[in-house]
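Accompanying notes for the structure given below.
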Amino acid sequence: MALTNPDRSAYEIYAGERLGTYIKDEVCPQAPNIFGLALQQNCSDLVDSSSPVIQRIVANNTKRQNFLLFSIYTTDLAVGGVIPSYRFQTVGAMQNFFTYSAQKQ
Numbered sequence: 007m008a009l010t011n012p013d014r015s016a017y018e019i020y021a022g023e024r025l026g027t028y029i030k031d032e033v034c035p036q037a038p039n040i041f042g043l044a045l046q047q048n049c050s051d052l053v054d055s056s057s058p059v060i061q062r063i064v065a066n067n068t069k070r071q072n073f074l075l076f077s078i079y080t081t082d083l084a085v086g087g088v089i090p091s092y093r094f095q096t097v098g099a100m101q102n103f104f105t106y107s108a109q110k111q
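And the structure:
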């Protein structure tokens, strides 16, 4: 059964990568010009270098329900600032993840 049900650390990597991509695609282009264009131009690099922090945020805000053959992960993120609060629900099965719900709170 362990072959079909990915563990929590695999989910944290998956969700951290997805969140990092969201920040780069949606938040970085809207970065404030307080520091000139430097923040916008370096935002993607900042996100990449912060991936351990992003994974920790995911880990601290995720609940897992284990159903032996699959798991459901519910992640509630309320980072603040320009990033809205979201609830993500993801199923993990057969060593894969599928996020089936992403609701803005």
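Numbering of the sequence shown is given in the numbering used here, commencing with residue 7 and proceeding in unit increments.
Backbone N, C-alpha and C define an ideal beta-carbon position, used for all residues, glycine too.
For the beta strand (DSSP E) that contains residue i, what are its first and last residues?
i, result
"Gln109", "Asn102 to Lys110"
I think residue i touches residue j, with their Cβ atoms under 8 Å apart; what is that distance to the nearest whole Å?
i, j, result
"Ser91", "Gln111", "4 Å"
"Gly22", "Ser57", "6 Å"
Considering Cα atoms alone, identify which of the options is closest to residue i.
i, options, result
"Asp13", "Gly98, Ala108, Gly86 and Tyr106", "Gly98"
"Asn48", "Ile29, Val64, Gln95 and Ser15", "Ile29"
"Ser107", "Gly86, Gln101 and Thr80", "Thr80"
"Leu75", "Met100, Ala65 and Gly86", "Met100"
Pull up the distance between the alpha-carbon of residue i and that of residue j, whole angstroms please.
i, j, result
"Phe94", "Ile19", "15 Å"
"Val53", "Val64", "14 Å"
- Quick one: complete alpha helix (DSSP H) runs, 4+ long, within the stretch 21-95? 44-55 and 57-66
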